[in-house]
Amino acid sequence: MLRVISTSLDLFSASGCLCRTPYLVRAIQHEAYDAAFDQDDLAEARKWHTSFNENSLPKGQTSYSRSSGPGGQHVNKTESKATTVWSAEELSKSLPKLMRVALRTSKYYSKRNDSITIQAQTQRSRSANTDENHLKLTEELQKIYRAQVPGETSSEKIKKYEALEKSSRESRLKSKKQQSSKKAFRRGKGRDE
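Below you can see the structure in the form of structure tokens.
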């Protein structure tokens, strides 16, 4: 069974342009899922997740404009739509290494100014819409964490994968020895005749 590791890989297409593929298929079958990752990076990401506090994130720059949609005269008179922009570089400083690349694959990422841009206009007040932007950012970061960082592999699974790897290696060596003895037998038989 092949598993997919969620890392990006730079590839050049036939036309010579750089293409970024978000997934790399893992060809090693008998290995724990998180074994392909750097253990220090995993520890850093898991520590970040357990101590995550949305107050530790940068505030971003919020601008206000007139909202559209229902709301009657209030919507037409007040600038309650909140648009908050976080620089991807500034935001990535507070994120673990495993999540930094995925930040630029977010649906809120704006390539033109290399930032995360989130808008909210569902509430009647500016502050509520600003709070909603911060909540959306927090949810997006949690989603990126879940997609990028695998869960911890239990000791039973590690032992299972080690046993699978050992049996796979043994069966491969056994088949090589059988093939070798078959060829040796053919060589010996050919000389006698």
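Per the working numbering: the sequence shown = residues -15 to 177. Note that beta-carbon positions come from the ideal geometry of N, C-alpha and C, so glycine has one too. Values in this document were obtained by computation on a predicted structure and should not be read as measured data.
- Note that the stretch 152 to 161 does not touch the stretch 113 to 133; fewer than 3 beta-carbon pairs, one per stretch, sit closer than 8 Å.
- By a beta-carbon distance limit of 8 Å, residue 86 contacts residue 132. Their separation comes to about 5 Å.
- Residue 117 sits buried, since 16 or more C-beta atoms from the chains shown fall within 10 Å of its C-beta.
- Residue 65 is classed as buried because its beta carbon has at least 16 other beta carbons within 10 Å across all chains shown.
- Annotation: the stretch 59 to 93 contains the following complete segments of the alpha helix (DSSP H) (minimum length 4 residues), in chain order: 72 to 76 and 81 to 87.
- For the options 84, 21 and 69, the alpha carbon positioned closest to that of residue 128 is the one of 84.
- Collapsing the DSSP output to three states places residue 132 in a helix.
- Taking residue 27 as the centre and dropping the five residues before and after it, the same chain places no C-beta closer than 6 Å to its C-beta.
- In the three-state DSSP reduction, residue 49 falls in the strand class (E or B).
- Here residue 172 is exposed. Its C-beta has fewer than 16 other C-beta atoms within 10 Å.
- Under the three-state reduction of DSSP output, residue 155 falls in the helix class.
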